[in-house]
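**Student:** Here it is, the structure, as structure tokens.
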Amino acid sequence: MNNFQFYTPTKVVFGKDTEGQVGELVKEQNCSKVLVHFGSGSVKRSGLLDRVYASLDAAGVSYVSLGGAVPNPRLSLVYEGIELCKKEGVDFILAVGGGSAIDSAKAIGYGVKYDGDVWDLYLKKEAPKAMLPLGVILTIAATGSEMSNSSVITNEEGWLKRGLNSDLSRPQFAILNPELTYTLPEYQTMSGCTDILMHTMERYFSHEMDTDLVDGMAESLLRSVMRAAKVLLKDPKNYNARAEILWAGSLSHNGLTGCGRVGDWACHQLEHELGGMFDVAHGAGLAAVWGSWARYVYKENVARFAKFAVNVMGVAYDYADPEKTVLEGIEAMENFFRSIHMPVNIRELGVELNDKQIEELAYKCSFMDQRTIGGMKKLAREDIARIYEMAR
Ligand code: NZQ
Ligand code: ZN
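Following my numbering, the numbering of the sequence shown begins with 2 at its first residue and continues without gaps.
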């Protein structure tokens, strides 16, 4: 097991009606003015935003609000949020919504505390030194941004989607009420389940083999999410299944299932380019590339892929031919994605890639030929292009 740090400062308030506590939770932060930041309107339509305002009013907290964060949240709204916060003297942000509203809020928080252009932080020209504190009311089980150190922003100039990781961006509190996720369309629920699975799989596919406890937690999380996703296909308002995936989403990306090992993360990098260029749902984009990535890299560590096949996908181990076990495991995972109506290639994602676009995606994903991606196998620009080709 490798050395590691595990830092998870977020207070989680989980369960029915918990959003009613938001006023008091914000008040505990001793802030003078709050920015309430949200997406394109689901929180208005559901009545959640009105309940949030009522709770803030009851606690005597003053606030301004800014909606409009879209999936693959845009830099232009982040700039608008930074200006608003500076003008209004905002010193705490409350994100109400999904990963996109939360990530947009994180970027605004960085920008308020940074003298230069916040995009430079996402280009890694400089490391962030401060961020406005943040609280979250989550409405979709997916990214884990409510406990993670990440935020991902898309710059409309050049359609580049870039992530920034810093412990500064771990929220102070996260309110998780499974009932708030009942209104999600099936596609978003399943895309979210896929993202949750992938956050644990990106960590699971590692060359470090002596992580028995963490492997067991990861495998159990994966099986629980797959089981709950199947329940939700038939019964979208099943409270317990909603609760399982909501909690799994947070644990899948707060670092727990990565303790003691270096993860892979190639699929996330492959998806981020797709999301930036074609504006696809993040989880669906991951499902579209995973099988091709797995077939391209599995020979680097057959034992690890076989462990996944047996312990997660229930494949029988073939002692005479472990690679057969691996390939059956990959196929079983793809079949699972199909069963929850997720794409298993880029065409099914709704994008017809031509050769020129594959080259462009690979060029951008390799940061203009300046980096490799992936922990299982280091993937340079040509490898990345091959995987997009396999997945198209
Ligand atoms: O914008 P609204 O109107 O709220 O609609 C959203 C959006 O259309 C809707 N929605 C959310 N909750 C709902 C709801 N509709 C009805 N009822 C509800 N309860 O669902 C759509 C998707 O929302 P979004 O916030 O975009 O989804 P998600 O949470 O999957 O976030 C995706 C973004 O997060 C990034 C992704 O790349 C993508 O940009 N990620 C962030 C990470 C992080 N910060 O740690 C890690 C991830 O790997 C990921 O990259
Ligand atoms: Zn993700």
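All C-beta atoms in this analysis are idealised placements derived from N, C-alpha and C, irrespective of residue type, glycine included.
Would you kindly work out how many angstroms separate the C-alpha atoms of Val281 and Pro74, rounded to a whole number?
**Tutor:** Approximately 12 Å between the Cα atoms of the pair.
**Student:** What are the start and end residues of the alpha helix (DSSP H) that includes Gly277?
**Tutor:** Residues 267–279.
**Student:** With a threshold of 8 Å, are at least 3 pairs of Cβ atoms found where one atom belongs to the region 299–311 and the other to the region 352–370?
**Tutor:** No, the region 299–311 is not in contact with the region 352–370.
**Student:** Could you check whether Leu222 and Leu252 sit closer than 8 Å to each other, using their CB atoms as the reference points?
**Tutor:** For Leu252 and Leu222, yes; Cβs fall inside 8 Å.
**Student:** Taking only three categories from DSSP, how would you classify Val290?
**Tutor:** Helix, per DSSP.
**Student:** For Gly330 versus Val316, is the C-beta distance shorter than 8 Å?
**Tutor:** Contact: yes.
**Student:** Report the residue ranges of all alpha helix (DSSP H) runs contained in full by the region 35–65; include only those spanning at least 4 residues, in chain order.
**Tutor:** Those alpha helix (DSSP H) runs which fall completely within the region 35–65 and span 4+ residues are 43–46, 49–59.
**Student:** Could you tell me if the beta carbon of Thr190 falls within a distance shorter than 7 Å of some heavy atom in the ligand ZN?
**Tutor:** No, the ligand ZN has no heavy atom inside 7 Å of this Cβ.
**Student:** Is Thr144 a contact residue of the ligand ZN, with contact defined as CB to any heavy atom under 7 Å?
**Tutor:** Yes - the ligand ZN has a heavy atom lying nearer than 7 Å to the Cβ of Thr144.
**Student:** Use the C-beta contact count for Asn336: other C-beta atoms within 10 angstroms, 16 or more gives buried, fewer gives exposed.
**Tutor:** By the 10 Å Cβ count, Asn336 comes out exposed.
**Student:** Can you tell me whether Phe7 is buried or exposed? The criterion is at least 16 other CB atoms within 10 Å of its CB, across all chains shown.
**Tutor:** By the 10 Å Cβ count, Phe7 comes out exposed.
**Student:** Can Gly479 and Asp265 be called in contact, C-beta distance under 8 Å?
**Tutor:** The structure shown does not extend to residue 479, since the chain is modelled only from 2 through 393, so no value can be given for it.
**Student:** Any heavy atom of the ligand ZN closer than 7 Å to the beta-carbon of Met199?
**Tutor:** Yes, the Cβ of Met199 comes within 7 Å of a heavy atom of the ligand ZN.
**Student:** Decide if Gly145 is buried, meaning its Cβ has at least 16 other Cβ atoms within 10 Å, or exposed.
**Tutor:** Classification for Gly145: buried.
**Student:** So is Val37 buried or exposed if we call it buried at 16+ other beta carbons inside 10 Å?
**Tutor:** Label assigned to Val37: buried.
**Student:** Check Val119 in the structure and name its three-state DSSP category.
**Tutor:** Coil at Val119, not helix or strand.
**Student:** Locate the alpha helix (DSSP H) running through Ala106, then write down its first and last residues.
**Tutor:** Run containing Ala106: 100–113, per the alpha helix (DSSP H) assignment.
**Student:** So if DSSP puts Phe93 in a beta bridge, which residue, or which two residues, is it bridged to?
**Tutor:** Paired residues: Val35.
**Student:** Answer yes or no: the CB of Val119 versus the heavy atoms of the ligand NZQ, is any distance below 7 Å?
**Tutor:** Checking every heavy atom of the ligand NZQ against the Cβ of Val119, none is found closer than 7 Å.
**Student:** If we count the other Cβ atoms within 10 Å of its Cβ and call it buried at 16 or more, is Met377 buried or exposed?
**Tutor:** Flag for Met377 reads buried.
**Student:** Should Asp196 be listed as close to the ligand ZN, given that the test is whether its C-beta is under 7 Å from any heavy atom?
**Tutor:** It does: the Cβ of Asp196 is within 7 Å (strictly closer) of some heavy atom of the ligand ZN.
**Student:** Can you find the residues in the same chain that come closer than 7 Å, C-beta to C-beta, to Met314, ignoring five residues on each side of it along the sequence?
**Tutor:** Gly330, Ala333, Met334.
**Student:** Is Thr184 near the ligand NZQ - that is, is its Cβ less than 7 Å away from at least one heavy atom of it?
**Tutor:** True, at least one ligand heavy atom lies under 7 Å from that Cβ.
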